[in-house]
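A short write-up of the structure that comes next.
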Amino acid sequence: MYICLICGYNGLENPLYDDDDGAPSFTICDCCGFESGYDDLDQGNSFDEYRKIWISGGCQWHTISKKPKNWNADVQIKNLVNR
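Residue numbering for the sequence shown follows the working numbering, starting at 2 and increasing by one per position.
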């Protein structure tokens with residue numbers, strides 16, 4: 002599994018970007034809804050800006066059916082340390 006660079010969700014089935022050439026995979030994060038190749042390039046938001054938008058909106062889950070029981074945004078965001 003891979004980690005979302007926006008919210009720290011560690012359940013992505015594919016990386017957001019290719020390791021070799023950095024091309025976006027157009028993967029959508031089940032947690033924050035970020036889509037590489039769309040929300041970054043087309044919308045012009047940086048990772049920090051998109052994260053601030055997600056947090057200010059209450060850290061809402063994009064795919065609510067995938068939200069783990071006892072989920073905690075603060076704990077999840079710690080996955081981003083040293084990234």
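All C-beta atoms, glycine included, are put in the ideal place defined by N, C-alpha and C.
Item: Between L81 and L17, is the Cβ-Cβ spacing less than 9 Å?; Value: no
Item: For a quick check, are the C-beta atoms of C8 and C30 less than 9 Å apart?; Value: yes
Item: Would you tell me roughly how many angstroms separate the C-alpha atoms of D49 and D20, rounded to the nearest one?; Value: 21 Å
Item: Could you tell me which residues DSSP pairs with M25 in its beta bridges?; Value: The question names Met, but residue 25 in the sequence shown is Pro. Paired residues: Y18.
Item: Just mark S57 as buried or exposed, buried being the case when its beta carbon has 16 or more other beta carbons within 10 Å.; Value: exposed
Item: Please go through the same chain and pick out, in chain order, the residues whose beta-carbon is closer than 7 Å to the beta-carbon of W55, but skip the five residues on each side of it.; Value: I7, C8 and C33
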